[in-house]
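Numbering (the numbering used here), first residue to last: 143 to 227.
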């Protein structure tokens, strides 16, 4: 797993320079069969580390597609937070 995160980190550093993006922003992610690894907001591509990625369970993410979602925005957000916890 660390090899995958090290590779995406290296690519993030390469393309996170000022010649490619403004203010070091942008998104980067990678996935395995079970996990989606996402760069968190507020982290620049140039300073990202393998340990800085957020791991998200892909099965839980898939459950969001079939969940009965409330109309109320706050209730929807609470549902997603609880499902992802």
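For each residue, glycine too, the CB sits at the ideal point set by N, CA and C.
These numbers were taken from a predicted model, which means no experiment stands behind them.
If we ignore side chains and look at the alpha-carbon of each, how far apart do residue i and residue j end up?
{"i": "residue 170", "j": "residue 162", "result": "14 Å"}
{"i": "residue 183", "j": "residue 218", "result": "21 Å"}
{"i": "residue 200", "j": "residue 164", "result": "30 Å"}
{"i": "residue 176", "j": "residue 145", "result": "16 Å"}
{"i": "residue 187", "j": "residue 198", "result": "19 Å"}
{"i": "residue 221", "j": "residue 211", "result": "8 Å"}
{"i": "residue 215", "j": "residue 196", "result": "24 Å"}
{"i": "residue 205", "j": "residue 185", "result": "28 Å"}
{"i": "residue 207", "j": "residue 226", "result": "13 Å"}
What is the residue span of the beta strand (DSSP E) that residue i lies within?
{"i": "residue 173", "result": "171-173"}
Helix or strand or just coil, what does DSSP make of residue i?
{"i": "residue 177", "result": "strand"}
{"i": "residue 196", "result": "strand"}
{"i": "residue 161", "result": "coil"}
{"i": "residue 185", "result": "coil"}
{"i": "residue 151", "result": "helix"}
{"i": "residue 204", "result": "helix"}
{"i": "residue 190", "result": "coil"}
Measuring CB to CB, does residue i end up less than 9 Å from residue j?
{"i": "residue 158", "j": "residue 190", "result": "yes"}
{"i": "residue 203", "j": "residue 178", "result": "yes"}
{"i": "residue 181", "j": "residue 194", "result": "yes"}
How far does the alpha helix (DSSP H) with residue i in it reach, from first residue to last?
{"i": "residue 215", "result": "215-226"}
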